[in-house]
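Working notes, structure below.
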Amino acid sequence: MTAKWIGKRMVMGTIVLLIVSFLSFFIMHAAPGDPATAFYGGNAQTLTTAEKERIAQAFALDRPVLVQYGVWLAETLTGNLGYSSKEGRPVATILMERLPNTLLLFSVTLFFIIIGSIWLGTVAGMKEGSLWDRGLSTFSIATSSIPAFWLGILFISFFAVKLGIFPSSGTGEIGGDGGLVDKLRHLIMPAAVLILTHVGIYARFLQESIKAESRHYYVMVARANGVAEKEIRQGILRNASMPYLNYIGMTIPSFFGGSIIVESLFSWSGLGQLTVKAAMTKDFPLLMGGILWTGLIVVISLFIIDLLMYALNPKLRKGGVR
Amino acid sequence: MKTRKSLLFWYAILGFIVLMTVFASVVAPYGPNDMNMDNVYGAPGDGHLLGTDHLGRDVFSRLLAGGKVTLTVASVSVLLSLVLGVLYGGISGYIGGFIDTIMMRLLEAFITIPSLIIILAFQTVMQGGMWGMALIIGLTGWLVTARIVRSEFLRLKEAEFVQMANMFGTPMWKIIIGHLLRNSVPAIFVVTLFNFAGAIFIEVSLSFLGIGIPPAIPSWGNMLYYAQNDILIGAWWIGLFPGIMIFITILAINFIGEGLKNPQRR
Amino acid sequence: MLDVNGLSIEVNGKRIVEESSFVVPRGKITSIIGESGSGKSMTVATLLGLLPAGAKATGQALYNGRNLITLSDKEMASIRKSAVFTIFQDAANSFNSSVKMGRQLYAFSGERTGATVAQFRMEMAVILADLGLSSDIFEQYPFELSGGMLQRCMIACALYVKPDLLIADEPTSALDMVLQKEFIKLLKRLNEELGTTILLITHDLDIVAEAAHEMVVMQQGVVVETGAVKQVFEQPQHSYTKRLLESRF
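Chains as they are written, first to last, in the numbering used here: chain W, 800 to 1121; chain R, 1265 to 1530; chain E, 635 to 883.
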């Protein structure tokens, strides 16, 4: 059962990646100039006509678009993403340098958002009608209406320019040793901005699920029979966490979109900032690589969330539904 | 009753913002692109209500003109995604069965891709102006609408009055428009409102990054693009006010959306 | 043991139960009978201190001399935990679907009496076997068991905690005829062997005739007749009771 379920998820993930790859190929194809140049970027000038012809043949450039896509996909799968047209270095190498920063920001913010929203959502959801309950709804609507990057601008103007306690941008001091403490100091502001603008909606979703779950029949039965309140709450939380996890999965793509902009604002040298820069400088190979990797990260995150849901929900495991 | 009052309040706020921006050319004291090199980075007050920017342009006037651009882009894109979403979701929900399954799987796959990434990619190739921007946001924003329309259609198809209409031989298009679509309107309206907020977010974000609306046209996002540097020299007003406008507009939309959503909850 | 006196219940300003009085004597099976909407379930909710928001009860419900209506939430919770056990109508939804039965049964019974998990498992296995259930269900989830099995699990908990008062709110209406008969037999056994006082809420006269000693007839929020089952069946006083009895034959 488990194997079949995992297989199904993997097929789904592969389809997503195929769509993403087709999109990025489409961009390269639509890009001005000849594709060989697009693929080899700045190095193209140094190529001789004979070499260009060889490339054209290798990538089936004289053949229909679909064949070209196939050849390109095969090349991509072997890890060859081409060369950056601005830097001349292999795209894969550049992406690899940026990946840790993005993963750091992504995991730290998501960690605190989940911890924070579980805490807020549980407190508010378990006490229906309380000040917490009503307050959280308003708080979440208000915070989710703030554009994250604008909050970032305010933060920079206050904490960096006025008070000077945090650096306004970058991933580390230019002359610094690149140590962990330095990095964390640079991480605080972008992470805080993302957490503040997102924790509310997730907390609210959990709060609503808990309230809905608390109205279930079994909760009344348990309460009537003197089951310990702690036990009842644990049960409610366990069931409410399933729609909550699902919600996190559904919103991860847009959350990722938001983090791209925050990365750019704070010059946090991650994948997002790289992709934006590639788009601005029309560095197509780099842009395509960035898009593909972003797609890959999202697909993997969703897969992890699916696994968690699978572990939490016995109905799924026993093959009851879906 | 309390909800209705607050709903009216937010309607009024949103209405006010829309009116101010629509009549920007009448209300604004200066032209949005009138430069005055003698008065760059002027602080708020002193003839310029909200100060001036790095070219001596009046922030308040640009705010109104920029709002017009931002809200127009958002409206056009939302209309486009509304049409696409209703078509896709309607077809999927009405036909059902195997085709529905395929269409929904495809939709699920699309939803997984961060739309900002797709827009980013499109922008590099198209690099259009305002309308190109609206087109791209519209093309990527219909997914949730489609999902809602589809589930509404599936639900309504089973409803008694639709079954009756089928039995009486009501023509298909009449059932689709008169029954299915008409009864989906409340749900579609709510999702479209939230889409509108989302579209504002995207326009503002992209323009802020400098790859959205061309810098020559003022928009809320464009104004923030320059604000990045301006705040470093202490000109906080250039960044503060466009952000507040965005915040209040989206806040109003979100509260209206929540207010309309609530009575539908069972 | 339980002495209800002039109990009235209002939900959102509307009277659901009007000045009701009845007695549940110790060691007997007392049945409240009435149609749905007669206020039976609200009465039970009041006795358990679990009225929904917006509902208010007035009057007296003396349980061993303490008025349940005026007790604090905390005191009420302690009575629910120590003295009363309630079996509800919808057994299929009485358990949390994502928690294993073993843990839930323990929360319902063993934890109340302060037994350790190991102790509980041993004792509960005997009770389950007696009810025709294997102790394998400890490792199963509620959705893997049938409604009848789940209702027997509830009874097993009642047998385990040996409550002072057992309340059964329409316990059989979700079961088929055979299971109903079996369930009633179990209730009687509980009463005869352990002397448990039982308050049985039902709309089914057959069940009353089969199981109860005393009966309370409710109609639209009003208690219209009380008395020993035999006596009421032979000489019904109120016209509603007469109609009920006639429709039975």
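Glycine included, each C-beta is placed from N, C-alpha and C at the ideal position.
- Excluding residues up to 5 positions away in sequence, G683 lie with their Cβ nearer than 8 Å to the Cβ of E:D707 in the same chain.
- Here R:A1307 is exposed. Its C-beta has fewer than 16 other C-beta atoms within 10 Å.
- Selection R:L1327, R:N1297, R:K1525 evaluated against R:W1501 yields R:L1327 as nearest (Cα-Cα).
- The Cβ neighbour count for E:R700, taken over all protein chains shown within 10 Å, is under 16; the residue is labelled exposed.
- Identification of chain R residues near W:G1094 by a Cβ-Cβ cut-off of 7 Å yields I1377, ordered along the chain.
- Interface annotation for the segment 1505 to 1528 of chain R against chain W: G1507, I1510, F1511, I1514, L1515, N1518, F1519, E1522, criterion Cβ-Cβ distance under 7 Å.
- In the structure shown, the three-state DSSP call for R:V1426 is helix.
- Cα atoms of E:E880 and E:S780: separation of roughly 35 Å, rounded to the nearest angstrom.
- Boundaries of the beta strand (DSSP E) around E:G640: 636 to 645.
- Inside the segment 717 to 768 of chain E, DSSP marks whole alpha helix (DSSP H) runs of 4 or more residues at positions 735 to 739, 751 to 764, from first to last along the chain.
- Beta-bridge pairing by DSSP links E:M852 to E:V857.
- In the three-state reduction of the DSSP assignment, E:G693 falls in the strand class, which pools E and B.
- As a beta-bridge residue in DSSP terms, W:Y882 pairs with W:P889.
- From the beta-carbon of W:I952, the residues of chain R found nearer than 8 Å are L1488, A1491, Q1492, I1495, G1503, G1507.
- A Cβ-Cβ distance of about 5 Å is found for the pair W:L1073 and W:R897, placing them in contact under the 8 Å criterion.
- Contact between W:I1051 and W:L1101 is confirmed by a C-beta separation of about 6 Å, below the 8 Å threshold.
- For R:V1304, the secondary structure class from DSSP, reduced to helix, strand or coil, is coil.
- Within the model, the alpha-carbon separation for R:I1440 versus R:F1417 is close to 9 Å.
- Look at W:P1113: its C-beta is under 8 Å from a C-beta on chain E.
- DSSP places E:I667 inside the beta strand (DSSP E), whose first and last residues are 663 to 667.
- Bridge partners of E:F656 according to DSSP: E:V638.
- Unbroken alpha helix (DSSP H) stretches of 4 residues or longer found wholly inside the segment 950 to 1019 of chain W: 979 to 1013, given in chain order.
- By the criterion of a C-beta distance shorter than 6 Å, R:G1523 is surrounded in its chain by T1267, L1271, once the five residues flanking it on both sides are discounted.
- Between the alpha carbons of W:I913 and E:V658 lies a gap of roughly 51 Å.
- Taking all protein chains shown into account, W:L876 has fewer than 16 neighbouring C-beta atoms within 10 Å of its C-beta and is therefore exposed.
- Between the alpha carbons of W:F1054 and E:V733 lies a gap of roughly 32 Å.
- Along the segment 765 to 792 of chain E, the positions whose C-beta sits under 8 Å from a C-beta of chain W are Y775, F777, E778, C791, read in chain order.
- Counting C-beta pairs closer than 8 Å gives three or more between the segment 665 to 682 of chain E and the segment 853 to 862 of chain E, which meets the contact rule.
- With fewer than three CB-CB distances shorter than 8 Å, the segment 767 to 778 of chain E does not count as touching the segment 795 to 815 of chain E.
- Annotation for E:T836: S665, I667, E804, V842 place their beta carbon closer than 7 Å to its own, counting only its chain and skipping 5 residues before and after.
- Taking the beta carbon of E:L684 as reference, the chain W residues within 9 Å of it are M1019, R1022, A1023, listed in sequence order.
- Separation of W:R1116 and W:T801 (C-alpha to C-alpha, rounded to the nearest whole angstrom) is 7 Å.
- Residue pairing by DSSP puts E:D803 in a beta bridge opposite E:I835.
- When Cβ-Cβ separations below 8 Å define contact, E:T720 makes contact with chain W.
- With a 10 Å radius around the Cβ and a threshold of 16 neighbouring Cβ atoms, W:M1087 comes out buried.
- Taken through DSSP and simplified to helix, strand or coil, W:K926 comes out as coil.
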